[in-house]
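Peer 1:
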Amino acid sequence: MTTPFSGSSAAVRASQLLSAGGRCGGSELVDRGLVRRFPGAVQESCPSSRPPARRHAPVRNTLPMSSRTSPISQPITIRRAVARDAKRLTRLVRGSGAYEGKYAAAVAGYRVGPDYIEAHRAFVAVGADEQAGRVLGFYSLVLAPPELDLLLVADEVQGRGIGRLLVAHMQSEARAAGLDRLKVVSHPPAEDFYHRVGAVRTGTALANPPAVQWDRPEFEFRIPSE
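Numbering (the numbering used here), first residue to last: 53 to 278.
1) Indicate whether A135 and E170 have their beta-carbon atoms separated by less than 8 Å.
2) Hey, how far is the Cα of V194 from the Cα of R233?
3) Tell me whether A226 sits in a helix, a strand or coil according to DSSP, three-state version.
4) I'd like the span of the alpha helix (DSSP H) that includes R173, first residue to last.
5) Which whole-angstrom value is the C-beta distance of F271 and Q223, which I expect to be below 8 Å?
6) Three-state secondary structure (DSSP) at Y246?
7) Run the CB neighbour count on Q210, radius 10 Å, all protein chains shown included, and call it buried at 16 or more, exposed below.
8) Could you spell out the range, first to last residue, of the beta strand (DSSP E) harbouring R274?
9) Could you tell me which residues DSSP puts in a beta bridge with T254?
10) Can you tell me the Cβ-Cβ gap for G189 and L204, rounded? I've got them flagged as a contact below 8 Å.
11) To the nearest angstrom, how far is it from the Cα of T142 to the Cα of A133?
12) Would G165 be called buried (16 or more neighbouring beta carbons within 10 Å of its own) or exposed?
13) Considering R131, what are the terminal residues of the beta strand (DSSP E) in which it resides?
14) Whole angstroms are fine: how far does the CA of V178 sit from the CA of A160?
15) Near A259, what residues of its chain come up, given a Cβ to Cβ distance below 6 Å and the 5 sequence neighbours on each side ignored?
16) Report the rounded CA-to-CA distance for S277 versus R227, giving the unit in angstroms.
17) Measuring alpha carbon to alpha carbon, tell me which residue in A257, P261, S192, A196 is nearest A220.
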């Protein structure tokens, strides 16, 4: 499964100064894990206009595997990202196979900074060997306007249900924040993934050279109330 970046406005911002999520500076990228975006730049500090962060208890993986996935051999925990994760998330993005070839420029110099992690609802999936520095994937949810800004799964663990687990967690966070839908501008290689996890295709974000030189599919997640 390819999980690259998503994100719309982030790509445009990348040409200015986009960062890991592309919201407050830096480079466009992750197809939100699945987001794809921009030539890198260091992210600027974001204004702290978001509501105080809630405390989040780690979530254990209880997601059933589909026929398309192989079982996860270790417990998976999803926790809130913290500043010390910034370098690991940056490496995850820059090293993603989803950005090889013609997409490589989108993540060259890309950086997920501590300010971005602090400003948005960013979460990481980690395994039992987290102390060894292993991050399996992450996502970032932006509340205003509602958008899945980043979603990425490490190449070596794709196809094991981690992307679905992150999406399920993201939907729970969106619901708790009072959202009923949110936008995703997908990295082209991640289009099939978004279809499989229930996102609805709504349009196309046209190429915006030089920041983004290819069209990207736009999706929407509808968030049902509990």
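Glycine included, each C-beta is placed from N, C-alpha and C at the ideal position.
Peer 2: Considering the structure as presented:
1) Numbered from 1 along the sequence shown, position 83 holds the residue referred to as residue 135. Numbered from 1 along the sequence shown, position 118 holds the residue referred to as residue 170. Their beta carbons are under 8 Å apart, which means A135 touches E170 by this criterion.
2) Here residue 194 is taken as the residue at index 142 of the sequence shown, counted from 1. Here residue 233 is taken as the residue at index 181 of the sequence shown, counted from 1. The straight-line gap from Cα to Cα measures roughly 12 Å.
3) Taking the first residue of the sequence shown as position 1, residue 226 is located at position 174. Secondary structure at A226: helix, using DSSP grouped into helix, strand and coil.
4) Within the sequence shown, residue 173 is the residue found at index 121, counting from 1. That residue, R173, is in no alpha helix (DSSP H); its beta strand (DSSP E) goes 173 to 178.
5) What you label residue 271 is simply residue 219 of the sequence shown in a count that begins at 1. What you label residue 223 is simply residue 171 of the sequence shown in a count that begins at 1. About 13 Å separates the CB atoms of F271 and Q223; that is not less than 8 Å, and the two are not in contact.
6) As a position in the sequence shown, residue 246 is number 194, starting the count at 1. In the structure shown, Y246 sits in a helix (DSSP, three-state: H, G or I).
7) Position 158 of the sequence shown, counted from the first residue, corresponds to residue 210. Burial call: buried.
8) Here residue 274 refers to the residue found at position 222 when the sequence shown is read from its first residue. Here the beta strand (DSSP E) through R274 covers 268 to 274.
9) To locate residue 254, count along the sequence shown from 1; it is residue 202. In DSSP, T254 forms no bridge with anything.
10) Here the question's residue 189 lines up with position 137 in the sequence shown. Here the question's residue 204 lines up with position 152 in the sequence shown. Contact between G189 and L204 holds: CB atoms are separated by about 6 Å, below the 8 Å threshold.
11) The count along the sequence shown starts at 1 and reaches residue 142 at position 90. The count along the sequence shown starts at 1 and reaches residue 133 at position 81. Between the C-alpha atoms of T142 and A133 there is a straight-line separation of about 13 Å.
12) Looking up residue 165 in the sequence shown gives position 113. Buried: at least 16 other Cβ atoms inside 10 Å.
13) Position 79 of the sequence shown, counted from the start, is the residue given in the question as residue 131. Taken as a continuous stretch (DSSP letters only), the beta strand (DSSP E) holding R131 covers 129 to 132.
14) To locate residue 160, count along the sequence shown from 1; it is residue 108. To locate residue 178, count along the sequence shown from 1; it is residue 126. Distance between the alpha carbons of A160 and V178: 25 Å.
15) Within the sequence shown, numbered from 1, the residue matching residue 259 stands at position 207. So the qualifying residues of the chain are Q265, W266, D267.
16) What you label residue 277 is simply residue 225 of the sequence shown in a count that begins at 1. What you label residue 227 is simply residue 175 of the sequence shown in a count that begins at 1. In this structure, the straight-line span from the alpha carbon of S277 to that of R227 is close to 7 Å.
17) Indexing the sequence shown from 1 puts residue 220 at position 168. Checking every option, the nearest Cα to that of A220 belongs to S192.
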